[in-house]
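Following the working numbering, the numbering of the sequence shown begins with 24 at its first residue and continues without gaps.
Ideal placement from N, C-alpha and C gives every residue a C-beta, glycine not left out.
Reviewing the structure listed below.
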Amino acid sequence: MTKVITYGTFDLLHKGHINILKRAKALGDYLLVGVTTENFDVTRGKINVQQSLMERIEAVKQTGIADEVFPEEYVGQKIDDIKRHGVSIFAVGSDWEGHFDYLKEYCKVVYLPRTEGVSSTQKRSEHTLKIGAIGEDPVISKLKKLSKSVNGIEMNAIFSKRNFAEFNDKYNNFEQLLAGNDAVYVAVQPEKRYETVKKALLQGKHVICESPVACNKKQAQELFNIAKEKGLVLFDSIKTAYSTAFARLILLIKSGVIGEVKSIDITCTSLENYEWLKETKYYSSFTGWGAVALLPVFKLLGIDYENCYINTVDGEDLEDIFTKLTLVYDNALATVNVGVGVKSEGDMRISGTKGYVYVPAPWWKNGYFEIRYEDAKDNKPYFYENEGEGLQTELVHFLRCVNDKKQNFYIEQEITEAVSAIMEQFKCKR
24 MTKVITYGTF DLLHKGHINI LKRAKALGDY LLVGVTTENF DVTRGKINVQ
74 QSLMERIEAV KQTGIADEVF PEEYVGQKID DIKRHGVSIF AVGSDWEGHF
124 DYLKEYCKVV YLPRTEGVSS TQKRSEHTLK IGAIGEDPVI SKLKKLSKSV
174 NGIEMNAIFS KRNFAEFNDK YNNFEQLLAG NDAVYVAVQP EKRYETVKKA
224 LLQGKHVICE SPVACNKKQA QELFNIAKEK GLVLFDSIKT AYSTAFARLI
274 LLIKSGVIGE VKSIDITCTS LENYEWLKET KYYSSFTGWG AVALLPVFKL
324 LGIDYENCYI NTVDGEDLED IFTKLTLVYD NALATVNVGV GVKSEGDMRI
374 SGTKGYVYVP APWWKNGYFE IRYEDAKDNK PYFYENEGEG LQTELVHFLR
424 CVNDKKQNFY IEQEITEAVS AIMEQFKCKR
């Protein structure tokens, strides 16, 4: 039996993909197809997909051409697959001519002619989503930079008092920004987000908003109701939620690898932008870091806590430079430490009845964590590429939700509302 193998993203499956699959199958008796994961795509410098991995795998299966379909997840996998499956021929489109000649050591390499006039990139560009930004938060620059690597998104416009040189189109008011874009990224001060998001939704625009989306639960619920009524997407922009490492961490813990979770200890601190914060009072330690720190707590322990205790320390130039929050559950505890202008070890420890998870600083964007046990020989490290701190994946998922008219499944609505409820308690205490 002659086995043939090929790889691709197979996003928005079209005639060109089908022709490549048919030509590859014609080279032998059995066709294996590797479908590139989003995470591996990021490591190559660009997220080129709008469909999820499972959607793309299913689309390839439904053609009936491939005999076996599986995900491509890491550098070097092609060699592993060729050797493991006893592959005789590696086939790929002619636009990769010469790129995979190194595989000739392991099997025959064939570059197949591509179908002219059709491509996934072309299909994605036909439906470009224009996103405008509003606010002064420096995170806007990072999002703008990474948006260039996401096909199907254009982010060139901004309304801001701050000079973001990387934006070409600068508007003088919010109404103009809304009129010229399909969606808006909201990074204004936390106290102004509710009104800003509401205005955008009422104008029929999809919204990505820095967290907290609102500073009380009732306002957050109102915003989601407006989005639902108008068929719009309201996205909570907690970057960590979209990182591969964090998603895998949550799934592993929920699978029971450390037993029942009894304690979560989280620290998020930063000295970055402190001089700007002193001048602008844009956010404090808790309004800036609170949502990030609460995310794993709510993901793992839920939102039905029994008591919430908040203690805050003020600085000479800025209120709330450090806050400690403790959530008491029926059978677990969570402690959150957040600070701006204060520096500590930004790690996370999740303790269970069988073992614990340790994520080194900065845990919220670290691609590495360890599951540890009583017997150190059983410890297991996990490594994931975490390019873009989850921002690229967030944009890709936002685009998918807009196109498919679905809501965010990385951050559940109840978590966004729970964060807003905690913010309300924090504000009342102040």
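Since residue i sits in a beta bridge, which residues does DSSP pair it with?
{"i": "T358", "result": "D288 and T349"}
{"i": "L55", "result": "I28 and E91"}
{"i": "E177", "result": "K153"}
{"i": "K461", "result": "Because the chain is modelled from 24 through 453, residue 461 falls outside the range shown and cannot be assessed."}
{"i": "D192", "result": "A180"}
{"i": "A206", "result": "I154 and H229"}
{"i": "R372", "result": "D288 and Y381"}
{"i": "Y125", "result": "None; Y125 has no bridge partner."}
{"i": "V365", "result": "S293"}
{"i": "I333", "result": "L348"}
What do you get for residue i, buried or exposed, if any count of 16 or more other CB atoms within 10 angstroms of its CB means buried?
{"i": "K45", "result": "exposed"}
{"i": "A444", "result": "buried"}
{"i": "H40", "result": "buried"}
{"i": "C451", "result": "exposed"}
{"i": "E339", "result": "exposed"}
{"i": "Q242", "result": "buried"}
{"i": "G68", "result": "Because the pLDDT of G68 is 49, which lies under 50, any placement of that residue in the model is unreliable, and the question is left without a value."}
{"i": "N248", "result": "exposed"}
{"i": "L274", "result": "exposed"}
{"i": "P319", "result": "buried"}
{"i": "V110", "result": "buried"}
{"i": "N402", "result": "exposed"}
{"i": "K459", "result": "Residue 459 lies beyond the residue range present for the chain, which begins at 24 and ends at 453; the question has no answer from this structure."}
{"i": "A188", "result": "exposed"}
{"i": "K101", "result": "buried"}
{"i": "K127", "result": "exposed"}
{"i": "S374", "result": "buried"}
{"i": "P213", "result": "buried"}
{"i": "T29", "result": "buried"}
{"i": "K400", "result": "exposed"}
{"i": "V98", "result": "exposed"}
{"i": "T376", "result": "exposed"}
Give me, in chain order, the residues of the same chain whose beta-carbon lies closer than 6 Å to that of residue i; leave out the 5 immediate sequence neighbours on both sides.
{"i": "N330", "result": "V351"}
{"i": "K153", "result": "E177, N204 and D205"}
{"i": "A250", "result": "L224 and L257"}
{"i": "F449", "result": "F309 and I333"}
{"i": "M446", "result": "P235 and C238"}
{"i": "V220", "result": "V209, V230, C232 and L246"}
{"i": "E437", "result": "I326"}
{"i": "D52", "result": "M24 and T25"}
{"i": "T59", "result": "T32 and E95"}
{"i": "V365", "result": "T292, I344 and F345"}
{"i": "I80", "result": "V58 and V92"}
{"i": "R185", "result": "E159"}
{"i": "Y405", "result": "F392"}
So residue i and residue j are supposed to be a Cβ contact under 8 Å. How far apart are they, rounded?
{"i": "T358", "j": "F309", "result": "Going by Cβ atoms, the distance from T358 to F309 rounds to 14 Å, so no, they are not a contact pair."}
{"i": "V256", "j": "C424", "result": "5 Å"}
{"i": "A237", "j": "D160", "result": "In fact, because the Cβ distance is near 16 Å, the residues do not count as touching under 8 Å."}
{"i": "I281", "j": "I394", "result": "6 Å"}
{"i": "T290", "j": "G369", "result": "5 Å"}
{"i": "Y265", "j": "E78", "result": "Actually they do not touch by this definition, with Cβ atoms about 17 Å apart."}
{"i": "I181", "j": "K165", "result": "Actually they do not touch by this definition, with Cβ atoms about 14 Å apart."}
{"i": "Y297", "j": "V363", "result": "6 Å"}
{"i": "I17", "j": "L50", "result": "Look at the range of the chain in this structure, 24 to 453, and you will see that residue 17 is not part of it."}
{"i": "N426", "j": "D259", "result": "N426 to D259, Cβ: 19 Å. No contact."}
{"i": "L55", "j": "H108", "result": "6 Å"}
{"i": "K167", "j": "F190", "result": "7 Å"}
Could you name the residues of the same chain whose beta carbon sits closer than 7 Å to that of residue i, not counting the 5 residues immediately before and after it, in chain order?
{"i": "E342", "result": "S307"}
{"i": "A314", "result": "S234, P235, I261 and V442"}
{"i": "A355", "result": "V284, K285, S286 and L324"}
{"i": "D118", "result": "R137"}
{"i": "L76", "result": "V58, T60, E61 and P94"}
{"i": "Y433", "result": "A264, Y265 and H420"}
{"i": "G383", "result": "Looking at the sequence shown, residue 383 is not Gly but Pro. Cβ within range, chain order: D370, N389 and Y391."}
{"i": "W387", "result": "T263, C291 and V315"}
{"i": "T86", "result": "I41 and L44"}
Beta-carbon within less than 8 Å of residue i's beta-carbon, same chain only, minus the 5 sequence neighbours each way: which residues are those?
{"i": "D337", "result": "D343 and I344"}
{"i": "R216", "result": "V209, C232, E233, P235, V236, A237 and C238"}
{"i": "Q74", "result": "D34, L35, A82 and R423"}
{"i": "L201", "result": "G155, V207, K222, A223, Q226 and K228"}
Taking only beta-carbon atoms, is residue i less than 8 Å away from chain C?
{"i": "D124", "result": "Annotation note: the requested chain C is absent from the structure, which comprises a single protein chain."}
Given the structure, does residue i come close to the ligand MG, in the sense that its CB is under 7 Å from one of the ligand's heavy atoms?
{"i": "N431", "result": "With respect to the ligand MG, the structure shown offers nothing to examine, as it has no ligands at all."}
- Ordered list of alpha helix (DSSP H) runs contained in the region 225-313, each at least 4 residues: 240-253, 267-277 and 297-303
- Message: Restricting to runs no shorter than 3 residues, where is the beta strand (DSSP E) found entirely within the region 375-422?
- Response: Counting whole runs of 3 or more residues, the region 375-422 contains the beta strand (DSSP E) stretches 379-382, 391-395 and 403-406.
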